[in-house]
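Asks: Chains as they are written, first to last, in my numbering: chain A, 1 to 109; chain B, 110 to 293.
Each residue gets a CB set at the ideal place from its N, CA and C atoms; glycine is no exception.
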Amino acid sequence: MGRLGLGDFERNVLLGVLHLRGTGYAISIIEEIAKRIGSEPSLGSIYVTLDRLQKKGFVSSKLGDATAERGGKRKRLYQIEAPGVRALSEVRDASKRMWAGAPPLGART
Amino acid sequence: MSFTLRSIKARWGKPHRHEWEELWSELQMADNDGEEEAGEAYLAALLGQSHIVLSEQDELRAADLVARDHGGKTIAWEAKRMVRGRLLLDPNMVRAASTYTTPAAPNPPPRIGEFLLAFFVAPEAQEEKLGDMAERFTKTWLPRFGARGARLVYLWHALWLGQRLWRGALFCAAADWFVRKIGL
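(1) Does the Cβ of residue 247 of chain B have 16 or more other Cβ atoms within 10 Å, making it buried, or fewer, making it exposed?
(2) Is residue 241 of chain B close to chain A? Criterion is C-beta to C-beta, closer than 8 Å.
(3) Could you say which of A:101, A:61, A:29, A:97 lies nearest to residue 10 of chain A if we only look at CA atoms?
(4) So which residues of chain A does residue 248 of chain B contact, with C-beta pairs closer than 9 Å?
(5) Between residue 270 of chain B and chain A, is there a C-beta pair that is closer than 8 Å?
(6) First and last residue of the alpha helix (DSSP H) that includes residue 56 of chain A?
(7) What are the residues that DSSP puts in a beta bridge with residue 59 of chain A?
(8) What is the rounded straight-line gap between the Cα of residue 77 of chain A and the Cα of residue 104 of chain A?
(9) Checking the sheet assignment: what are the DSSP bridge partners for residue 24 of chain A?
(10) For residue 102 of chain A and residue 89 of chain A, what's the separation of their Cα atoms in angstroms?
(11) Where in the region 212-275 of chain B do unbroken runs of the alpha helix (DSSP H), each at least 4 residues long, occur, reported from the N-terminal end onward?
(12) Identify, in the order they occur along the chain, each residue of the same chain with its Cβ nearer than 7 Å to the Cβ of residue 46 of chain A, setting aside the five sequence neighbours on each side.
(13) Under a CB-based cut-off of 8 Å, is residue 43 of chain A close to chain B?
(14) How is residue 16 of chain A classed by DSSP in three states: helix, strand or coil?
(15) Could you tell me how far apart the beta carbons of residue 73 of chain A and residue 223 of chain B are, in whole angstroms, since I believe they sit closer than 8 Å?
(16) Quick check: the Cα distance between residue 15 of chain A and residue 289 of chain B, rounded to an integer number of angstroms?
(17) So residue 24 of chain A packs on residue 58 of chain A, CB below 8 Å; how close in whole Å?
(18) DSSP puts residue 66 of chain A in a beta bridge; with which residues?
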């Protein structure tokens, strides 16, 4: 994590929240990350990261509906906020700049 | 003639394979009173359908046995169908033909795990975290690991979520031990 204030895992979680468009909660974010990356993060790491992102103001949350499979307990739904979108955009731009002009990965330099 | 679980157990215990036919014919003799079905239910229990639970004093009458609820566990009609006819004489065939694997009640998350979570997690976050864990338990861990494994995984995650607290407690205990050891 550097000047952008977003680590790799935080970026993935934030992207998960962005993909789920305000309907994401801890379990669905885990499933989204697992679907796209192939490895499943643990619940504990997701909670810690979502807390941190919320403290930074990148995401906001509200309580949603309860379902029977959750034992009648409500979900906490996460929504990305403007600072979060900005941070993601900066990360993407930085990544693009780093990749620009790089030789193909298989080639020896 | 009437059967109770106690009388059947006293006489037969857990019958050997060659005794099934004799027991079956004896139960058939009581068919007119409907006691045969009660005997069938008990036989189903002997064959490994351990969710058929009756108290030993219960007199076995088919009419009330079949649909009565015993401590939240109901003897269902499927059990009757399954043990009817000749299949009953061959315990292996009964097992192979069993469609009776669905438990009467769904597996709930372990109470001790929920207690640990409630202990470790801040009150304002308890609802969603307990709900998330319950959903994960039902949707992911139960199908993947089975009931026992899922409970262990639940406990592991509950402990993991409380790691900050028990790590702090361990650190304090270690510090306390160290201070006592060096005699400060």
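Replies: Straight from the coordinates:
(1) buried
(2) yes
(3) A:29
(4) 27, 69
(5) yes
(6) 43-56
(7) A:80
(8) 41 Å
(9) A:78
(10) 21 Å
(11) 220-229, 232-245, 251-270
(12) 13, 26, 29, 30
(13) yes
(14) helix
(15) Not really, about 11 Å apart at Cβ, beyond 8 Å.
(16) 50 Å
(17) With 8 Å as the limit, residue 24 of chain A and residue 58 of chain A do not qualify as a contact, their Cβ atoms being about 13 Å apart.
(18) A:74
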